[in-house]
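A.B. asks: Quick note, the sequence shown lines up with residues 23 to 125 if you use the working numbering.
Got a structure for you, written out below as structure tokens; questions coming shortly.
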Amino acid sequence: MLAQKELVRIQKSFRGDKDRLPLVFAALGDPTRLKIFRLLSEKKDLCVTDVAKVCGMSVAAASHQLRLLEFVELAHRERMGKMICYELRKDDPLVKKVMSIIQ
23 MLAQKELVRI QKSFRGDKDR LPLVFAALGD PTRLKIFRLL SEKKDLCVTD VAKVCGMSVA
83 AASHQLRLLE FVELAHRERM GKMICYELRK DDPLVKKVMS IIQ
């Protein structure tokens with residue numbers, strides 16, 4: 023059984039993420055998005071075309087999956103000329119926790 027101090031610490035760490043957690047788990051429940059999340063955790067940033075090539079899917083499909091990861095605030099995008107690249111929000115405590123669980 024958790025001590026009261028430990029229980030309070032855990033509750034504080036999840037307080038802001040309560041509403042977001044189901045969305046994050048739903049997003050990562052898809053094998054393709056989980057694979058993309060893992061890819062992004064290994065690389066600083068990846069462009070949509072790179073993700074499409076690595077995952078063996080169309081650029082449109084990769085873009086859709088990446089937008090869903092952005093929607094649940096796991097990743098963010100940046101335009102680099104004509105390309106759109108994504109990287110994980112590694113400064114986000116929830117992203118850090120998910121990364122530690124997955125790896």
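Each residue gets a CB set at the ideal place from its N, CA and C atoms; glycine is no exception.
#1: Could you work out which residue in Gln125, Cys77, Val70 and Met79 is closest to glutamate 92 when comparing CA atoms only?
#2: Who are the near neighbours of leucine 45 in its chain, counting only those whose CB is closer than 7 Å to its CB and skipping five residues on each side?
#3: Do arginine 101 and tyrosine 108 count as a contact pair if the criterion is CB distance below 8 Å?
#4: Taking the C-alpha atoms as reference points, what is the distance between arginine 55 and glutamine 26?
#5: Here's a check: name, in chain order, each residue in its chain whose Cβ is nearer than 6 Å to the Cβ of methionine 121, leaving out the five neighbours to either side.
#6: For arginine 99, does the three-state DSSP call read helix, strand or coil?
#7: Exposed or buried, what is glutamine 33 when buried is set at 16 or more other beta-carbons lying within 10 Å of its beta-carbon?
#8: With respect to the beta strand (DSSP E) encompassing leucine 110, which residues constitute its N-terminal and C-terminal limits?
C.D. replies: According to the structure data:
#1: Checked all of Gln125, Cys77, Val70 and Met79; the closest Cα to glutamate 92 is Val70.
#2: Around leucine 45, the same chain offers Val94 as residues with beta carbons nearer than 7 Å, after the five sequence neighbours per side are excluded.
#3: The answer is no: Cβ separation not under 8 Å.
#4: Distance between the alpha carbons of arginine 55 and glutamine 26: 37 Å.
#5: Hits under 6 Å: Ser63.
#6: Three-state DSSP puts arginine 99 in a strand.
#7: It counts as exposed.
#8: 105-110 is the span of the beta strand (DSSP E), which, as asked, contains leucine 110.
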